[in-house]
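Undergrad: Numbering (our numbering), first residue to last: 46 to 406. Glycine included, every Cβ here is placed at the ideal spot set by N, Cα and C. The structure presented is a predicted model; accordingly, all values stated were derived computationally and were not measured. Before anything else, here's the structure in question.
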């Protein structure tokens, strides 16, 4: 019996040491001199009393989960800290009606689901028969199901509102065979249609909700309604916004494929996008376009006039390195995929109640 006392005593000492260690770490972390200074980015004042301001950024599951408690930290010291899921090479982003932020990450390859309201996170990694190879773009329907294109697998992966995998669309029923490189995707809930750009096939596929091909839009070329490696796609108020990447332009089409507006182009008289990538539309129908190599976001009005731009190369707040995807929610929060900085930056566009004095355009 006596031989057990040193063991018990040793265990108690070890636990006490752990407690003191955790307390010391906690105290150091909460010490005023150790706190990180708050990010203070000047608000951009725009014409008409509108403004753009930086809100925050996030880069891993640590940014969404609850702070770990005292005894959880003790357990971490004994068993080792839990695995951290960082963004590696994020590409596309979408936000559902519950505020969950869904991010594709071909650098892993995986999909991250950040639920800030519930302080939860889900990491979706698929292997086996229906595995991820390069998850590219993501779109959400009115029931919070989300659809992920995989440009290398040549498929669309469909997940329900609880992030459970439901099915894959790869074989295109209707005599079209398979996708070659699906990239941009948009969902028309009212018509039960899926729109997908196939960058290699140089066209937009229009599918029913089960994946059967109804028709295609476009062909290779430089004329209106033709494409040269189309990529990103957005559907807003019965209009398709298409990133026509190697024609260096954005085309706005009706649902039949007729051209309504063209922004940019190789003509030096037009505004050139050096590398157009993500696109999004705010509540005032302004169009936001990511210039991937310029590390900026350009903002245009409905007539295609440049209103302003923001960003620039760097690693600080409101600076980007090869930005990619873009999403704007119903509250005009702007989510920018800052790909090579391995993070998502969140800004907000808003109209002030009164005219801002000294605003710069």
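Name the DSSP bridge partner or partners of residue 324?
TA: Reading the chain shown from its first residue, position 279 is the one you call residue 324. In the DSSP output, where bridge partners are listed per residue, residue 324 has 334.
Undergrad: Across which residues does DSSP place residue 286 in a beta bridge pair?
TA: Indexing the chain shown from 1 puts residue 286 at position 241. Partner(s): 279, 297.
Undergrad: Helix or strand or just coil, what does DSSP make of residue 292?
TA: The residue you call residue 292 lines up with position 247 of the chain shown. Reduced to three states, the DSSP call for residue 292 is helix.
Undergrad: Below 8 Å CB to CB, which residues in the same chain sit around residue 358 once its five sequence neighbours on both sides are set aside?
TA: Counting from 1 along the chain shown, the entry for residue 358 is found at position 313. Closer than 8 Å at the Cβ level, and outside the excluded window around residue 358, lie 340, 364, 365, 366.
Undergrad: In its own chain, which residues sit with a C-beta less than 6 Å from the C-beta of residue 153, not counting the 5 before and 5 after it?
TA: Mapped onto the chain shown, residue 153 falls at position 108. 133, listed in sequence order.
Undergrad: Could you check whether residue 380 and residue 86 sit closer than 9 Å to each other, using their CB atoms as the reference points?
TA: The sequence position of residue 86 within the chain shown is 41, counting from 1. The sequence position of residue 380 within the chain shown is 335, counting from 1. No, these two residues do not count as a Cβ contact at 9 Å.
Undergrad: Once DSSP output is grouped into helix, strand and coil, what is the label at residue 81?
TA: As a working mapping, residue 81 is identified with position 36 in the chain shown. Model confidence at residue 81 stands at a pLDDT of 43, short of 50, so the residue's coordinates are unreliable; what they give is reported in the following sentence. In the structure shown, residue 81 sits in coil (DSSP, three-state: anything other than H, G, I, E or B).
Undergrad: Secondary structure at residue 356, three-state DSSP: helix, strand or coil?
TA: Working through the chain shown from its first residue, we reach residue 356 at position 311. In the structure shown, residue 356 sits in a strand (DSSP, three-state: E or B).
Undergrad: Only counting the same chain, and skipping five residues up and downstream in sequence, which positions put a Cβ closer than 8 Å to that of residue 304?
TA: Position 259 of the chain shown holds residue 304. Within the same chain, residue 304 has close Cβ partners 269, 270, 296, 297, 298.
Undergrad: Using 9 Å as the threshold, is the C-beta distance between residue 250 and residue 272 below it?
TA: Reading the chain shown from its first residue, position 205 is the one you call residue 250. Reading the chain shown from its first residue, position 227 is the one you call residue 272. Cβ distance not < 9 Å, so residue 250 and residue 272 don't count as in contact.
Undergrad: Below 8 Å on the Cβ atoms is my guess for residue 102 versus residue 388; work out the distance and round it to an integer in Å.
TA: Within the chain shown, numbered from 1, the residue matching residue 102 stands at position 57. Within the chain shown, numbered from 1, the residue matching residue 388 stands at position 343. 5 Å between Cβ atoms; contact.
Undergrad: With distance defined between alpha-carbon atoms, name the residue in 259, 186, 195 nearest to residue 220.
TA: To locate residue 220, count along the chain shown from 1; it is residue 175. Ranking 259, 186, 195 by Cα distance to residue 220 puts 259 first.
Undergrad: Verify the contact flag: residue 247, CB atom, against every heavy atom of the ligand FMN, threshold strictly below 8 Å.
TA: With respect to the ligand FMN, the structure offers nothing, as it holds no ligand at all.
Undergrad: Taking only three categories from DSSP, how would you classify residue 106?
TA: Start at 1 with the first residue of the chain shown, and residue 106 comes out as number 61. It is helical.
Undergrad: To the nearest whole angstrom, what separates the beta carbons of residue 89 and residue 355, a pair I think is in contact under 8 Å?
TA: For the purposes of this step, residue 89 is identified with residue 44 of the chain shown, where counting begins at 1. For the purposes of this step, residue 355 is identified with residue 310 of the chain shown, where counting begins at 1. So it is a contact: roughly 6 Å between Cβ atoms.
Undergrad: Would DSSP call residue 265 helix, strand or coil?
TA: Along the chain shown, one-based indexing puts residue 265 at 220. Correct three-state label for residue 265: strand.
Undergrad: Residue 283: buried (16+ other C-beta within 10 angstroms of its C-beta) or exposed?
TA: In the chain shown, counting from the first residue as 1, residue 283 sits at position 238. That one is exposed.
Undergrad: Going by DSSP, which residues form a beta bridge with residue 180?
TA: The residue you call residue 180 lines up with position 135 of the chain shown. Beta-bridge pairing links residue 180 to 195.
Undergrad: In whole angstroms, give me the CA-to-CA distance for residue 373 and residue 326.
TA: As a first step, residue 373 is located in the chain shown; it is residue number 328 there, counting from the start. As a first step, residue 326 is located in the chain shown; it is residue number 281 there, counting from the start. Approximately 7 Å between the Cα atoms of the pair.
Undergrad: According to DSSP, is residue 384 helix, strand or coil?
TA: Stepping through the chain shown from its first residue, residue 384 is reached at position 339. Here residue 384 sits in helix by DSSP.
Undergrad: Quick check on this structure: which residue in 201, 348, 156 has the alpha carbon closest to the alpha carbon of residue 215?
TA: Sequence index remark: in the chain shown, residue 215 carries index 170 (1-based). Per the Cα distances, 201.
Undergrad: Output the boundary residues of the beta strand (DSSP E) element that contains residue 308.
TA: Residue mapping note: residue 308 aligns to position 263 of the chain shown, counting from 1. First-last of the beta strand (DSSP E) with residue 308: 304-309.
Undergrad: Bridge partners of residue 166, per DSSP?
TA: Counting from one through the chain shown, the residue named residue 166 turns up at place 121. For residue 166, which the question treats as bridged, DSSP gives the partners 159.
Undergrad: Could you check if residue 347 is buried or exposed, using at least 16 other CB atoms within 10 Å of its CB as the buried criterion?
TA: In the chain shown, counting from the first residue as 1, residue 347 sits at position 302. Its Cβ having fewer than 16 others within 10 Å, residue 347 is exposed.
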